[in-house]
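S.K.: Heads up, the sequence shown is in the numbering used here, so the first residue is -11 and it goes up one at a time. Glycine included, C-beta positions come from ideal geometry on N, C-alpha and C. First the structure, which I've put down as structure tokens, then a few questions once you've had a look.
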Amino acid sequence: MKESIGTKIFKQFYNISGPIDEYKKTQANTIGNTVAIMLYWFNIAISLLTIIIGGVTKNYLLAFFILSGTILIFTIFIAGGYVMYAGHKYHLADQEVEKGDIHSAYRNIIFKSLKIGILGAIFAYFLNAFVLYLYFGNFIRQLSDPSNIVACITCGVTVTLLLLLVYYLRIKKVK
């Protein structure tokens, strides 16, 4: 059965591997409700803080930077970190594999890690060259810069190895 785009996004956001059963769906909804309540109260608190800072200092640009910076930090690191922690706690990311299929599962995680690492390195290579072009000009020179190439290869290898480790630790053998 083909998964809908909504199901794929749901599984990607909550880091769910395999088919979605009732347990995984219930736990993901619990995590989502907790994060929504946490973000609601955070938005109220940070909005009040921004109004107070803007009113007291009359520096509205400072208030804007405080607001945008704290929203980014809180949303990405705190809320995202909680989703990852809770997903691990409720075993949403575990990949259950039969004993006979363990070698094909290992081969799949190697190819998946390599694909993401190579695509990430290529993206970082062009993004780094573009950012350097904005500062120093001459895009072709930035593309052929050896330090850019070495940095992106190092980035790709690091991402590949870390993903390989994460995917390896998620595999659970079923008897």
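Give the straight-line distance between the Cα atoms of phenylalanine 127 and methionine 26, rounded to the nearest whole angstrom.
M.R.: Here residue 127 corresponds to residue number 139 of the sequence shown, with the count starting at 1. Here residue 26 corresponds to residue number 38 of the sequence shown, with the count starting at 1. C-alpha separation (whole angstroms): 44 Å.
S.K.: How do the region 103 to 114 and the region 33 to 52 stand: do at least 3 beta-carbon pairs fall below 8 Å, yes or no?
M.R.: no
S.K.: Alpha carbons only, please: which of Lys103, Ile159, Glu(-9), Tyr78 is nearest the one belonging to lysine 87?
M.R.: One-based indexing of the sequence shown puts residue 87 at position 99. It is Ile159.
S.K.: Just verifying my parser: in three-state terms, what is the DSSP assignment at isoleucine 4?
M.R.: Indexing the sequence shown from 1 puts residue 4 at position 16. Correct three-state label for isoleucine 4: coil.
S.K.: My output table needs one value for lysine 12: the three-state DSSP class, helix, strand or coil.
M.R.: Translated into positions along the sequence shown, residue 12 becomes position 24. Here lysine 12 sits in helix by DSSP.
S.K.: Closest by CA to histidine 91, which one among Gly69, Leu60, Tyr156?
M.R.: Here residue 91 refers to the residue found at position 103 of the sequence shown. Among Gly69, Leu60, Tyr156, the Cα nearest to that of histidine 91 belongs to Tyr156.
S.K.: Give the secondary structure of lysine 161 by DSSP, where H, G and I count as helix, E and B as strand, and everything else as coil.
M.R.: Taking the first residue of the sequence shown as 1, we reach residue 161 at position 173. Lysine 161 falls in the strand class under three-state DSSP.
S.K.: How about threonine 58 and isoleucine 39: do their beta carbons lie closer than 8 Å?
M.R.: In the sequence shown, counting from the first residue as 1, residue 58 sits at position 70. In the sequence shown, counting from the first residue as 1, residue 39 sits at position 51. Contact flag unset, no.
S.K.: Within its chain, find whatever has a CB closer than 8 Å to the CB of alanine 93; leave out the 5 residues flanking it on each side and keep chain order.
M.R.: In the sequence shown, the residue the question calls residue 93 occupies position 105. Closer than 8 Å at Cβ, skipping near neighbours: Gln83, Val85, Ile159.
S.K.: Whose C-beta lies closer than 7 Å to the C-beta of isoleucine 54 among residues of the same chain, with five residues either side of it excluded?
M.R.: Taking the first residue of the sequence shown as 1, we reach residue 54 at position 66. Counting only Cβ-Cβ distances below 7 Å, and skipping sequence neighbours, we find Thr38, Ile41.
S.K.: Just how far apart, CA to CA, sit phenylalanine 114 and lysine 163?
M.R.: Working through the sequence shown from its first residue, we reach residue 114 at position 126. Working through the sequence shown from its first residue, we reach residue 163 at position 175. One C-alpha to the other measures close to 46 Å.
S.K.: Report the residue ranges of all beta strand (DSSP E) runs contained in full by the region 59 to 91; include only those spanning at least 3 residues, in chain order.
M.R.: 83 to 86
S.K.: Spatial neighbours of leucine 101 within its chain, please: CB distance less than 7 Å, with the 5 preceding and 5 following residues excluded, ordered by chain position.
M.R.: Stepping through the sequence shown from its first residue, residue 101 is reached at position 113. Sequence inspection shows serine at residue 101; the leucine mentioned does not correspond to that position. Thr148, Leu151, Leu152, Tyr155.
S.K.: So which of Cys143, Phe62, Gly75 has the shortest CA-CA distance to glycine 105?
M.R.: The residue labelled residue 105 in the question sits at position 117 within the sequence shown. Glycine 105 has its Cα closest to that of Cys143, out of Cys143, Phe62, Gly75.
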